[in-house]
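All residue numbers in the sequence shown are consecutive under my numbering, ending with 399. We put the CB at the ideal spot given by N, CA and C, even for glycine.
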Amino acid sequence: MQLTNVREHNLGTVLNTLAASETPLSRAALAQATELTKPTVSRLIDELLAAGFLIEHAPTRAAGAAGGRPSTPVSIASAQVVALGASVGADHVSVNMIDMRRQIIASAETEVTRAPSPRDAVVLIADLAAELLAATPHTRTSGICVSVPGRLAPDGRSVRSAPNLDWAEAPLAELLEGAPGLEGLDVSIENDARLVAETEVLNRRGEGFVLVYGETGIGGALVIDGEIQRGTHGWGGEIGHLCLDPQGPACRCGRRGCLEAYASYWALAAQAGHQGLIADFFATLDGAARAQAAEQIGTQLGLALSHVLNIADLPTVVLGGYFRELAADITPLIEAQLRAHALTGEAESVAVETTTAQPRPSLAGAALRAIQPVFDAPAEWIRRFDA
Numbered sequence: 013m014q015l016t017n018v019r020e021h022n023l024g025t026v027l028n029t030l031a032a033s034e035t036p037l038s039r040a041a042l043a044q045a046t047e048l049t050k051p052t053v054s055r056l057i058d059e060l061l062a063a064g065f066l067i068e069h070a071p072t073r074a075a076g077a078a079g080g081r082p083s084t085p086v087s088i089a090s091a092q093v094v095a096l097g098a099s100v101g102a103d104h105v106s107v108n109m110i111d112m113r114r115q116i117i118a119s120a121e122t123e124v125t126r127a128p129s130p131r132d133a134v135v136l137i138a139d140l141a142a143e144l145l146a147a148t149p150h151t152r153t154s155g156i157c158v159s160v161p162g163r164l165a166p167d168g169r170s171v172r173s174a175p176n177l178d179w180a181e182a183p184l185a186e187l188l189e190g191a192p193g194l195e196g197l198d199v200s201i202e203n204d205a206r207l208v209a210e211t212e213v214l215n216r217r218g219e220g221f222v223l224v225y226g227e228t229g230i231g232g233a234l235v236i237d238g239e240i241q242r243g244t245h246g247w248g249g250e251i252g253h254l255c256l257d258p259q260g261p262a263c264r265c266g267r268r269g270c271l272e273a274y275a276s277y278w279a280l281a282a283q284a285g286h287q288g289l290i291a292d293f294f295a296t297l298d299g300a301a302r303a304q305a306a307e308q309i310g311t312q313l314g315l316a317l318s319h320v321l322n323i324a325d326l327p328t329v330v331l332g333g334y335f336r337e338l339a340a341d342i343t344p345l346i347e348a349q350l351r352a353h354a355l356t357g358e359a360e361s362v363a364v365e366t367t368t369a370q371p372r373p374s375l376a377g378a379a380l381r382a383i384q385p386v387f388d389a390p391a392e393w394i395r396r397f398d399a
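In structure tokens form, the structure reads like this:
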């Protein structure tokens, strides 16, 4: 590795280490955590301070230390660089802004009565992004990532299929790059469940789990030893289209008997004759209607998860989206199906937990994805921002 590449790699190592720490770190602590020499760490910190990526705190002396020079801890500077995350759903378009401390500092949302077309979605995203950027004129923006409830093409720039939005072969990245106000930003798109999984990986480092995420449809992800398993085409974990009955009800994907046809919002709303926001539907469920929906969701979801666990052999199921909101109702039903059909039940019980992220975790995940390149290659971003 060339010296320039070593330096750039080390800058990223220091920045990522600070981002993962809950408290400011001294140069000595950073040297120990990164296994770099103290002089090297000092040079790297000076460069990151000069770029505005770090801030220094008041000097401190270690507890019990009687002499010696006090250390000066450093931490991530919050407002120097921001990134945008966006989420497109059948009932909303949302945008948020995240700082380098990975904290959401602003958000905006538009409710829609029908799923927007790709072009309409981009117009709404650009308008909401402009609103947030106008409120923070002195920051530098790294990029925007858009969360979509669908499968991406192998190039990662277009949406191959998003049945719940009625999208097919949508050139979303290209449309975003040409949108007024988004010029010059790095643009990326990702499946919503993958982004939720990325936020969970940050909070479940090194763990293995199956994520199931309920939005309009049902997404999922497999995580083994802290790594998301994307598969050959990037579609790994699409539990919503696991077939439970080849002769079952029609799914929006064009097939029959998918989990989505039984346990998704769109399937349940169609049965109930509901038209409107997802949150409104589940908020109005009570009594017999809630029990009936929970029975249908929990039983079918548990059956699907038992098939997944028999293949993946993972210790934890994580419920996100509206499954998280219904967790108290559906978890016992899921557990009953796992005991009946999952081989893992012969060794130990599978933990059924909920996502740790805030509401709209795919939106939070999109913003995290958009800010991460700054941490992975800070030298490049220092050059770009100084240009």
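Bridge partner(s) assigned by DSSP for residue i
{"i": "residue 109", "result": "96, 118"}
{"i": "residue 328", "result": "363"}
{"i": "residue 83", "result": "72"}
{"i": "residue 123", "result": "104"}
{"i": "residue 402", "result": "Since the displayed the chain opens at 13 and closes at 399, residue 402 lies outside it and no answer follows."}
{"i": "residue 174", "result": "179"}
{"i": "residue 333", "result": "226"}
Where the alpha helix (DSSP H) containing residue i begins and where it ends
{"i": "residue 403", "result": "The structure shown has nothing for residue 403, since the chain only spans 13 to 399."}
{"i": "residue 11", "result": "The first residue shown for the chain is 13 and the last is 399, placing residue 11 beyond what the model contains."}
{"i": "residue 58", "result": "50-62"}
{"i": "residue 46", "result": "39-46"}
{"i": "residue 141", "result": "130-146"}
Nearest to residue i (by Cα), restricted to the options the options
{"i": "residue 303", "options": "262, 202, 292, 340", "result": "340"}
{"i": "residue 292", "options": "256, 346, 177, 334", "result": "334"}
{"i": "residue 214", "options": "201, 240, 108", "result": "240"}
{"i": "residue 181", "options": "187, 172, 59, 189", "result": "172"}
{"i": "residue 332", "options": "269, 209, 188, 384", "result": "209"}
{"i": "residue 309", "options": "276, 296, 318", "result": "276"}
{"i": "residue 1", "options": "124, 122, 92, 120", "result": "Residue 1 lies beyond the range of the chain shown here (13 to 399); nothing can be said about it."}
{"i": "residue 307", "options": "35, 123, 338", "result": "338"}
Residue-chain proximity (residue i, chain D), Cβ-Cβ < 8 angstroms
{"i": "residue 347", "result": "The chain inventory of the structure shown lacks chain D, comprising one protein chain alone."}
Residue i: first and last residue of the uninterrupted beta strand (DSSP E) it sits in
{"i": "residue 181", "result": "179-182"}
{"i": "residue 154", "result": "152-160"}
* **Length-filtered (4 minimum) alpha helix (DSSP H) runs lying within the stretch 358-396** => Listed in chain order, they are 373-388.
* **the stretch 319-335 contacting the stretch 364-380, beta-carbon criterion three pairs below 8 angstroms** => Yes: the two stretches touch, three or more of their Cβ pairs being nearer than 8 angstroms.
* To do: Scan the stretch 197-280 and note each continuous alpha helix (DSSP H) run of 4 residues or more that stays entirely inside, going in chain order.
  => Runs found: 204-215, 272-275.
* Does the stretch 137-149 come close enough to the stretch 102-111 to have 3 or more Cβ pairs within less than 8 angstroms? -> A contact is defined here as three or more CB-CB pairs under 8 angstroms, and the stretch 137-149 meets this definition with respect to the stretch 102-111.
* Between the stretch 344-351 and the stretch 371-380, do at least 3 Cβ pairs fall closer than 8 angstroms? -> Contact annotation: the stretch 344-351 does not touch the stretch 371-380, with fewer than three C-beta pairs closer than 8 angstroms.
* Are the stretch 123-134 and the stretch 87-104 touching by the rule of at least three beta carbon pairs closer than 8 angstroms? -> Yes, since at least three Cβ pairs between the stretch 123-134 and the stretch 87-104 fall closer than 8 angstroms, the two stretches touch.
* To do: May I ask you to verify whether the stretch 184-192 touches the stretch 256-275, counting CB pairs closer than 8 angstroms and requiring at least 3?
  => No: fewer than three Cβ pairs fall under 8 angstroms.
* To do: May I ask you to verify whether the stretch 86-97 touches the stretch 57-75, counting CB pairs closer than 8 angstroms and requiring at least 3?
  => Contact between the stretch 86-97 and the stretch 57-75 is established, with three or more Cβ pairs separated by less than 8 angstroms.
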